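Residues in the sequence shown are numbered from 1 upward in steps of one, following full-length UniProt numbering.
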Amino acid sequence: MTSKGIALVTGAAQGIGKAIALWLARDGFNVAVNDLPSKASDFNKVVAEIRASGCVGSAHVADVSAEDQVRRLIEEVVSTHGGLDCRKMSK
């Protein structure tokens, strides 16, 4: 599948964030998902679903309430995927 771009979705372990991440993957985006360390097992399952849809998925732990962690998160995503085209920040 040809990718429409790279999307970053925070709060992607459950609820609206998860739904958005999976919707973006179904729509053809490669998706980097993020959530708190305590939710790592949940958002790793989301990454597995993204990959099962034929897209590239990656998991990134960061607390988006901390500016330094947000900067690191974006740097990680850009380094991993070669860019960032779309972001959806959710808590």
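The beta-carbon is built from N, C-alpha and C at its ideal position, and this holds for glycine as well.
Just so we're clear, the structure is a prediction, and the values are computed from it rather than from any experiment.
- Comparing alpha-carbon positions, the option among A32, V70, R26, G5 lying closest to A12 turns out to be A32.
- Partner residues in the beta bridge of G57, as assigned by DSSP, are V31.
- Inclusion of G83 and I6 in the CB contact set at 8 Å is warranted, their separation being smaller than that value.
- Per DSSP, the continuous alpha helix (DSSP H) segment holding S79 begins and ends at 67-81.
- With contacts defined by Cβ atoms closer than 8 Å, V70 and V64 form a contacting pair.
- Counting only residues of its own chain and dropping the five nearest sequence neighbours on each side, R51 has a CB closer than 6 Å to the CB of G57.
- Scanning F29, T2, G15, Q14 for the CA closest to the CA of L8 turns up F29.
- If you ignore the 5 residues before and after L24, its C-beta comes within less than 6 Å of the C-beta of A7, V31, all in its own chain and listed in chain order.
- Non-local beta-carbon contacts of L73 in its own chain, meaning distances under 7 Å to residues more than five positions away in sequence, involve N34, H60, A62 in chain order.
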